[in-house]
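**Q** Would you mind keeping the following structure in view while I ask a few things?
Numbering (my numbering), first residue to last: 1358 to 1576.
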């Protein structure tokens, strides 16, 4: 596999500590739950989402952008942006259709449409969790398209969490459900090596140039 060969080459440019961390955390990574963010505009929220997603062992986010760019504040991410891949797609139903075609069930995080409460949610297949904007929440077109809606129980006068808090709660809770399940939720071997290459490149000064030189050698 080219990615395995590439990672083995890139290892020489990593510190022993960074290599140890990559090899330790990579096998725990998963894309079984894919957070999809609708046009989040506050950079602190974007950063907090990246940080929470990474802390729960998920290493990809889809940012559906329209009027705003998904632009995390690096002071808040605490380095998590090194590990989390952000795929940018237009804010549209076509983007959700593309995600659905990858094998994901589309689940909108919203209390509407007879939402299932998070503690009762049964995760049996890969899910794309769609989080709405700070002001409006999940858009109506997404709610209409979604296979299911998911709600976080609320116990006070406040009727919703900040989007970054909601993302943290959902990602953590679903990770616990996966750990307790019999599902094969971790990355395939191919995806694992691909991710390790990306992590190595992001960890090396001029990593992208080193990667490109090595790839020319492979051709």
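Built from N, CA and C at the ideal position, the CB exists for glycine as well.
No experiment lies behind these values; they were computed from the predicted model shown.
Is residue 1545 buried or exposed, if buried means 16 or more other CB atoms sit within 10 Å of its CB?
**A** Here the question's residue 1545 lines up with position 188 in the chain shown. Classification for residue 1545: exposed.
**Q** Let me know the secondary structure DSSP gives residue 1462 once reduced to three states.
**A** For the purposes of this step, residue 1462 is identified with residue 105 of the chain shown, where counting begins at 1. Residue state, collapsed to three classes: strand.
**Q** What span of residues does the beta strand (DSSP E) with residue 1395 cover, start to end?
**A** The sequence position of residue 1395 within the chain shown is 38, counting from 1. Here the beta strand (DSSP E) through residue 1395 covers 1390-1395.
**Q** On a CA-only basis, which of 1467, 1482, 1480 is nearest residue 1489? Give me that one, please.
**A** On the chain shown, residue 1489 is found 132 positions in, with the first residue counted as 1. Closest option to residue 1489, Cα to Cα, is 1467.
**Q** Helix, strand or coil: how does DSSP classify residue 1387 here?
**A** Position 30 of the chain shown, counted from the first residue, corresponds to residue 1387. DSSP places residue 1387 in strand when its eight states are reduced to three.
**Q** Tell me the rounded alpha-carbon separation between residue 1418 and residue 1514.
**A** Reading the chain shown from its first residue, position 61 is the one you call residue 1418. Reading the chain shown from its first residue, position 157 is the one you call residue 1514. Spanning the two alpha carbons is a distance of roughly 31 Å.
**Q** Assign residue 1364 to one of three DSSP states: helix, strand, or coil.
**A** Position 7 of the chain shown, counting from 1, holds the residue named residue 1364. Here residue 1364 sits in helix by DSSP.
**Q** Would you tell me roughly how many angstroms separate the C-alpha atoms of residue 1563 and residue 1399, rounded to the nearest one?
**A** Position 206 of the chain shown holds residue 1563. Position 42 of the chain shown holds residue 1399. When rounded, the distance between both Cα atoms is 30 Å.
**Q** For the beta strand (DSSP E) holding residue 1441, just list the boundary residues, first then last.
**A** Locating residue 1441 in the chain shown gives position 84, counting from the first residue. It is not in any beta strand (DSSP E) - residue 1441 carries neither H nor E in the DSSP assignment.
**Q** Skipping 5 residues on each side, what residues in its chain have a beta carbon closer than 8 Å to that of residue 1462?
**A** By 1-based counting over the chain shown, the position of residue 1462 is 105. These residues qualify, in order along the chain: 1482, 1483, 1484, 1485, 1504, 1505.
**Q** Please report the distance separating the alpha-carbon of residue 1535 from that of residue 1487.
**A** Taking the chain shown and counting its residues from 1, one reaches residue 1535 at position 178. Taking the chain shown and counting its residues from 1, one reaches residue 1487 at position 130. Each residue's Cα considered, the two are about 18 Å apart.
**Q** Helix, strand or coil for residue 1547? Go by DSSP, reduced to three states.
**A** In the chain shown, the residue the question calls residue 1547 occupies position 190. Residue 1547: helix per DSSP, three-state reduction.
**Q** Whole angstroms is fine: what's the gap from residue 1386's alpha carbon to residue 1416's?
**A** Position 29 of the chain shown, counted from the start, is the residue given in the question as residue 1386. Position 59 of the chain shown, counted from the start, is the residue given in the question as residue 1416. Straight-line Cα distance between these residues: approximately 7 Å.
**Q** Which partner residues does residue 1420 have in the DSSP bridge list?
**A** Taking the chain shown and counting its residues from 1, one reaches residue 1420 at position 63. Answer is 1394, 1445.
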